[in-house]
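Working notes for the structure below.
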Amino acid sequence: MRLAERHSVRVTVEIGIAFLGVVLLASALLANQRWLDHHFLPSFYVSRSLFVLIESIVRVVVAVIGLVLSLVVRRPLGKFIANHPARALQIALAVLLAFPATEFVLRLRNRRVAMTEEEPPQFEPSRQLDTRLGWLFVPSRTGHTMADNRSVDYSFDSAGYRVRSVDEPVDPDRPTIVFTGESMIVGERLTWDETIPAQTGAILGLQSANIAVSGFANDQAYLRLQAELPRFRHPVAVVTLFAPLLFDRNLVDDRPHLGPGLVWLPAVPRWRMATIAKFLVPYRSDEEIERGVSDTREVLRATIELVRSRGSVPIIVVPQFGPEEAGEREIRNRVLDEAGLPYVWVKLDASWRVPDDGHPDARAAHAIAVAIANKLRSAGVSPANEPSKKAVS
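Be aware that the sequence shown starts at 2, since it is given in the working numbering, and climbs by one per residue.
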């Protein structure tokens with residue numbers, strides 16, 4: 002390559018690197034906390050303070066990278082590429098080929114539907130793939146795990162409902178409070194007697210059926226209820242859960258899901274690397290959030306209508322750990338209040354969580370169970386009678 006050509010290449014590369022650096026620096030400056038709060042939804046597993054700290058660190062790192070590219074790396078990298086084009090091309094090809102190679106390895110290791118919901122086979126409670134719902138608990142088995150320095154058993158009857166023991170299956174002919182939802186309703190890290198369904202049933206003297214499945218979004222919980230509710234002869238009430246901190250889960254489409262109009266849709270194929278990137282950087286566009294709000298309202302409204310069609314009392318329970326942050330309040334208001342959906346809001350002590358896990362502990366489960374029981378009592382639910390017509394209208 003002649004000197005003039007090398008100089009032209011060098012200048013072009015330096016301009017490109019400088020432009021990239023400026024873009025990164027500008028992005029770090031423009032992505033203020035207000036913008037971040039809007040596009041990165043609250044998380045159940047990461048506190049607000051930690052979330053803000055991580056975002057601030059990332060902004061600083063991006064800004065520093067931008068400055069380094071523009072002021073430090075630009076000249077030597079431009080010179081290297083201009084003087085050693087073949088070597089630079091080899092490095093670029095190696096980097097590009099690393100992506101499909103990594104994707105191939107990830108696909109070999111992770112074959113299940115939603116990578117974000119995958120658990121190793123030894124993890125309890127154990128799941129199995131399901132074409133319509135994505136995954137379900139393995140029925141007719143008991144799994145054991147250690148949680149908070151004690152042994153916890155997860156028993157499931159032949160229908161895949163969590164029960165006290167495999168020998169005590171749910172009787173669909175008895176008056177029953179049906180619970181659908183995700184791991185908080187399942188009672189992960191809790192014994193059977195500590196779970197929300199078990200405690201509610203004990204308070205009211207009624208059988209509870211825990212049909213919830215860990216990792217479920219609201220549309221999966223609705224589909225599960227739609228499939229299982231016809232089995233029950235006397236479903237006196239149905240409880241489902243909505244948590245603003247889990248709202249982001251309703252936007253995931255790399256699993257079977259419901260679209261607008263409650264149309265069932267298969268999982269959207271995703272590169273495993275793209276799934277990991279989305280998990281690490283959970284950015285949500287305005288369009289995604291608006292669609293999520295609309296679809297969640299539709300699912301919860303359909304849940305209420307389904308329950309009422311059986312003459313049962315519907316309850317949407319909304320647990321709130323500690324003070325409600327602005328982002329949580331906005332989601333709760335937009336999904337529930339603006340849609341006029343009835344719900345039971347349960348304020349909980351922020352410390353009432355399983356250590357190093359985040360799920361409700363036995364104290365939180367008891368508080369939620371009491372709130373549900375009080376709501377059902379006010380609706381006329383008791384062991385001796387069905388809910389009144391006024392309660393289900």
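Just so you know, even glycine gets a beta-carbon here, dropped at the ideal spot from N, CA and C.
Practice item. Compare the Cα-Cα distances from Pro260 to each of Asp172, Arg292 and Leu109 and report the closest residue. Key: By 1-based counting over the sequence shown, the position of residue 260 is 259. This sequence places Gly at residue 260; Pro is not what is there. It is Arg292 whose Cα lies nearest to the Cα of Gly260.
Point to revise | Beta-bridge partners of Asp396, as assigned by DSSP | key: Outside the displayed span of the chain (2 to 394) sits residue 396, for which this structure offers no information.
Practice item. Below 8 Å on the Cβ atoms is my guess for Arg108 versus Arg273; work out the distance and round it to an integer in Å. Key: For the purposes of this step, residue 108 is identified with residue 107 of the sequence shown, where counting begins at 1. For the purposes of this step, residue 273 is identified with residue 272 of the sequence shown, where counting begins at 1. Contact holds; Cβ gap of about 6 Å.
Review point. In the DSSP assignment, what residue or residues form a beta bridge with Thr143?
Key: Position 142 of the sequence shown, counting from 1, holds the residue named residue 143. In DSSP, Thr143 forms a bridge with Ser156.
Practice item. Return the residue from the list Ile66, Gln34 and Glu15 that minimises the CA-CA distance to Ala327. Key: Locating residue 327 in the sequence shown gives position 326, counting from the first residue. Of Ile66, Gln34 and Glu15, the residue nearest in Cα terms is Gln34.
**Study point:** Residues sharing a beta bridge with Asn211, DSSP
**Key:** Along the sequence shown, read from residue 1 onward, the residue named residue 211 stands at position 210. Its beta-bridge partners are Arg163 and Phe180.
Practice item. Consult DSSP for Phe217 and reduce its assignment to one of helix, strand or coil. Key: Residue mapping note: residue 217 aligns to position 216 of the sequence shown, counting from 1. Three-state result, Phe217: coil.
Practice item. Starting from Asp131, follow its DSSP beta bridges and name the residues at the other end. Key: As a position in the sequence shown, residue 131 is number 130, starting the count at 1. Paired residue(s): Gly135.
Practice item. Would you list the one or two residues that DSSP bridges to Phe1? Key: There is no way to answer for residue 1, as the model of the chain reaches only from 2 to 394.
Check your understanding: To the nearest angstrom, how far is it from the Cα of Leu4 to the Cα of Pro43?
Key -> For this step, residue 4 is matched to residue 3 along the sequence shown. For this step, residue 43 is matched to residue 42 along the sequence shown. Each residue's Cα considered, the two are about 55 Å apart.
Practice item. Could you tell me the distance, in whole angstroms, from the CA atom of Ser152 to the CA atom of Gln221? Key: Within the sequence shown, numbered from 1, the residue matching residue 152 stands at position 151. Within the sequence shown, numbered from 1, the residue matching residue 221 stands at position 220. Between Ser152 and Gln221, the C-alpha separation is close to 29 Å.
**Study point:** Distance between Ala64 and Phe20 (C-alpha atoms, nearest Å)
**Key:** For the purposes of this step, residue 20 is identified with residue 19 of the sequence shown, where counting begins at 1. For the purposes of this step, residue 64 is identified with residue 63 of the sequence shown, where counting begins at 1. Approximately 13 Å between the Cα atoms of the pair.
Practice item. List the whole-angstrom C-beta distance separating Ile317 from Leu342, where the pair is believed to meet the contact cut-off of C-beta under 8 Å. Key: Counted from its first residue, the sequence shown places residue 317 at position 316. Counted from its first residue, the sequence shown places residue 342 at position 341. So it is a contact: roughly 6 Å between Cβ atoms.
Check your understanding: How about the segment 303-318 and the segment 234-242: do they share at least three Cβ pairs that are nearer than 8 Å?
Key -> yes
Practice item. For Thr13, count neighbouring Cβ atoms within 10 angstroms of its own Cβ and tell me buried if that reaches 16, exposed if not. Key: Working through the sequence shown from its first residue, we reach residue 13 at position 12. Sixteen is the threshold: since fewer than 16 other Cβ atoms of the shown chains lie within 10 Å of the Cβ of Thr13, the residue is exposed.
Check your understanding: Quick check: the segment 188-207 against the segment 355-363, are there 3 or more CB pairs under 8 Å?
Key -> yes
Exercise for review: Starting from the N-terminal side, write out each stretch of the beta strand (DSSP E) that is 3 residues or longer and does not extend beyond the segment 18-98.
Suggested key: none
Practice item. Look at Thr146 and Glu125 and say whether their C-beta atoms are less than 9 Å apart. Key: Taking the sequence shown and counting its residues from 1, the one referred to as residue 146 is at position 145. Taking the sequence shown and counting its residues from 1, the one referred to as residue 125 is at position 124. Between Thr146 and Glu125, the CB-CB gap stays under 9 Å.
Point to revise | Of the residues Leu70, Val10, Leu51 and Leu247, the one placed nearest Leu26, counting alpha carbons only | key: Here residue 26 refers to the residue found at position 25 of the sequence shown. Measuring from the Cα of Leu26, the nearest candidate turns out to be Leu70.
Exercise for review: May I ask you to report which of helix, strand or coil DSSP gives Thr117?
Suggested key: For the purposes of this step, residue 117 is taken as the residue at position 116 of the sequence shown. Here the model assigns Thr117 a pLDDT of 42, short of 50, so the residue's position is not dependable and the matter cannot be decided.
Practice item. Count the other CB atoms, across all protein chains shown, that sit within 10 Å of the CB of His258; report buried if there are 16 or more and exposed otherwise. Key: As a position in the sequence shown, residue 258 is number 257, starting the count at 1. His258 should be labelled buried.
**Study point:** Per-residue DSSP class, three states only, for Val294
**Key:** On the sequence shown, position 293 is the one that residue 294 refers to. Val294: helix per DSSP, three-state reduction.
Practice item. May I ask which residues mark the beginning and end of the alpha helix (DSSP H) holding Val327? Key: Numbered from its first residue, the sequence shown carries residue 327 at position 326. Note that residue 327 is Ala in the sequence shown here, rather than Val. Per DSSP, Ala327 belongs to the alpha helix (DSSP H) from Ala327 to Arg333.
Check your understanding: Are three or more beta carbon pairs between the segment 200-219 and the segment 282-292 nearer than 8 Å?
Key -> Cβ pair count under 8 Å is below three, so no.
Review point. Just reading off the beta strand (DSSP E) that Leu259 is part of, what are its end residues?
Key: Locating residue 259 in the sequence shown gives position 258, counting from the first residue. That run of the beta strand (DSSP E) goes His258 to Gly260.
Check your understanding: Buried or exposed: where does Trp36 fall if 16 or more other Cβ atoms within 10 Å of its Cβ makes it buried?
Key -> For the purposes of this step, residue 36 is taken as the residue at position 35 of the sequence shown. Exposed, by the Cβ-count rule.
Review point. Since Leu207 contacts Thr177 with CB under 8 Å, what's their CB separation in whole angstroms?
Key: The residue given as residue 207 occupies position 206 in the sequence shown. The residue given as residue 177 occupies position 176 in the sequence shown. The pair is a contact, with the Cβ atoms about 7 Å apart (cut-off 8 Å).
**Study point:** Inter-residue spacing [alpha-carbon to alpha-carbon] between Asp174 and Asp158
**Key:** Within the sequence shown, the letter at position 173 stands for residue 174. Within the sequence shown, the letter at position 157 stands for residue 158. Taking the straight line from one Cα to the other gives about 15 Å.
Exercise for review: Please classify Ala268: does DSSP put it in a helix, a strand, or coil?
Suggested key: In the sequence shown, residue 268 corresponds to position 267, counting from 1. Correct three-state label for Ala268: coil.
Practice item. Would you mind reading off the limits of the alpha helix (DSSP H) that contains Ala238? Key: One-based indexing of the sequence shown puts residue 238 at position 237. Note, Ala238: premise wrong, no alpha helix (DSSP H); beta strand (DSSP E) at His235 to Leu242.
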